[in-house]
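Q: Quick one: the structure is below, questions incoming.
Residue numbers (the numbering used here): 302 to 629.
Listed below in structure tokens is the structure:
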């Protein structure tokens with residue numbers, strides 16, 4: 302049985318569906334997965350051992366109106382793709398775990414039974430209108446996306462989820478530790494001042510650093526190598542965070558206020574230590590984040606820098622407590 306999965310050309314979107322592929326391949330031996338995605342995502346989609354084929358196509362081109370020049374060009378390219386990959390036209394089932402305009406545009410153009418999520422709103426870039434699937438599965442709005450996709454696969458392929466602790470299916474290999482901290486500021490919910498504070502404090506305390514913002518990884522292999530050679534990771538909810546969670550690299554994933562419940566990373570069940578999400582003020586502020594990670598790395602030996610603003614706020618709270626009679 303061949304299943305085609307359509308995925309947007311976003312590498313940080315593909316890793317969260319890996320646990321669903323692990324569940325399905327174990328519960329239904331003999332499944333064959335083809336991932337249809339964009340060129341930037343092709344190398345990442347093929348990381349999961351259950352995926353035996355990745356087909357690259359710019360899915361966003363399919364959203365162009367058919368009467369435009371772009372639409373005609375996309376239509377011709379799509380026909381050439383089906384001739385080059387006839388297995389797409391012979392797929393038994395097509396699953397769209399994303400419900401985006403580009404993945405829907407691909408889903409309606411492929412034969413076979415289409416399965417997708419019935420989404421009630423346009424949150425997080427997802428399409429809110431009619432969901433043109435043969436089998437739309439309703440997903441609770443407060444369910445984390447990793448668990449939602451796992452439920453979608455289990456419902457369609459008729460197996461039970463016995464453990465909600467996910468397994469991304471990636472082999473965790475022991476690597477020699479080269480740096481104490483891998484830092485990726487690109488998804489952190491901080492401004493430039495917060496990023497500068499992180500780098501300054503880490504430099505002052507002598508933490509050895511692999512800064513992805515200053516030296517981006519070359520490819521998927523380089524990305525994985527640099528993660529596994531780092532003792533801890535400090536990042537946001539992006540590809541770095543998800544890959545670290547899938548590989549069992551501990552550290553901190555900083556999310557915007559109250560977003561971790563739906564968008565925060567979920568660490569693989571095989572991890573010895575978890576990648577922790579923080580999304581509650583003031584714990585997700587740069588001053589607290591950097592001092593916390595420094596204390597972990599240095600085992601509490603580094604001096605803590607307390608920002609003046611925080612000191613002033615603490616003194617103000619104490620004075621207010623004495624004034625109202627509620628302070629100690």
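In this text, a Cβ means the ideal position worked out from N, Cα and C, and glycines have one as well. Just so you know, these numbers come straight off a predicted model, no measurement behind them.
Leaving out the 5 sequence neighbours to the left and right, which residues in its chain are closer than 7 Å to residue 390 when beta-carbon positions are compared?
A: 383 and 412
Q: Just to confirm before moving on: does the CB-CB distance between residue 531 and residue 482 stay below 8 Å?
A: Contact: yes.
Q: On the three-state DSSP scale, how would you describe residue 531?
A: strand
Q: Specify whether the segment 337–348 and the segment 362–370 touch according to this definition: at least 3 beta carbon pairs, one from each stretch, less than 8 Å apart.
A: The segment 337–348 is not in contact with the segment 362–370.
Q: Please name the residue, chosen from 398, 354, 560 and 488, that lies closest to residue 457 on a Cα-to-Cα basis.
A: 398
Q: Looking only at DSSP bridge pairs, what is residue 418 linked to?
A: 438
Q: Hey, could you find the ends of the beta strand (DSSP E) residue 306 is sitting in?
A: 303–307
Q: Output the distance between the C-alpha atoms of residue 579 and residue 543, rounded to the nearest integer angstrom.
A: 15 Å
Q: From which residue to which residue does the beta strand (DSSP E) around residue 334 run?
A: 333–338
Q: Measuring alpha carbon to alpha carbon, tell me which residue in 322, 309 and 452 is nearest residue 471.
A: 322
Q: Pick from 520, 522, 521 and 500: whose alpha carbon is nearest that of residue 512?
A: 500
Q: Excluding the five sequence neighbours on either side, which residues of its own chain have a C-beta within less than 8 Å of the C-beta of residue 373, listed in chain order?
A: 367
Q: Count the other C-beta atoms from every protein chain shown that fall within 10 angstroms of the C-beta of residue 320, then say buried if there are 16 or more, exposed otherwise.
A: buried
Q: What distance in whole Å lies between the Cβ atoms of residue 547 and residue 260, which are believed to be in contact at a cut-off of 8 Å?
A: Outside the shown range of the chain (302 to 629) lies residue 260, about which nothing can therefore be said.
Q: Just tell me which of 304, 545, 558 and 591 has its CA closest to the CA of residue 496.
A: 591
Q: Just the Cα atoms here: how many angstroms apart are residue 442 and residue 518?
A: Cα to Cα, the separation comes out at about 34 Å.
Q: Return the residue from the list 599, 329 and 381 that minimises the CA-CA distance to residue 460.
A: Closest option to residue 460, Cα to Cα, is 329.
Q: What ranges does the beta strand (DSSP E) occupy inside the segment 450–500, keeping only unbroken runs of at least 3 residues that lie completely in it?
A: 480–484
Q: Distance, Cα to Cα, residue 503 vs residue 436?
A: 51 Å
Q: Report the three-state DSSP secondary structure of residue 383 (helix, strand or coil).
A: The three-state reading of DSSP puts residue 383 in helix, counting H, G and I together.
Q: Rounded to whole angstroms, what is the Cα-Cα separation between residue 386 and residue 520?
A: Approximately 25 Å, taken between the alpha carbons.
Q: Could you please give me the residues that DSSP links to residue 395 through a beta bridge?
A: Answer is 305 and 415, bridged to residue 395.
Q: Run through the DSSP bridge pairs and tell me what residue 552 is partnered with.
A: Answer is 534 and 576.
Q: Buried or exposed for residue 403, please, with buried defined as at least 16 other CB atoms from any protein chain shown within 10 angstroms of its CB.
A: By the neighbour-count criterion, in which a residue is buried when 16 or more other Cβ atoms sit within 10 angstroms of its Cβ, residue 403 is buried.
Q: So, with DSSP's three-state summary, where would you put residue 544?
A: helix
Q: Mind checking which residues open and close the beta strand (DSSP E) that includes residue 511?
A: From DSSP, the beta strand (DSSP E) with residue 511 extends over 510–512.
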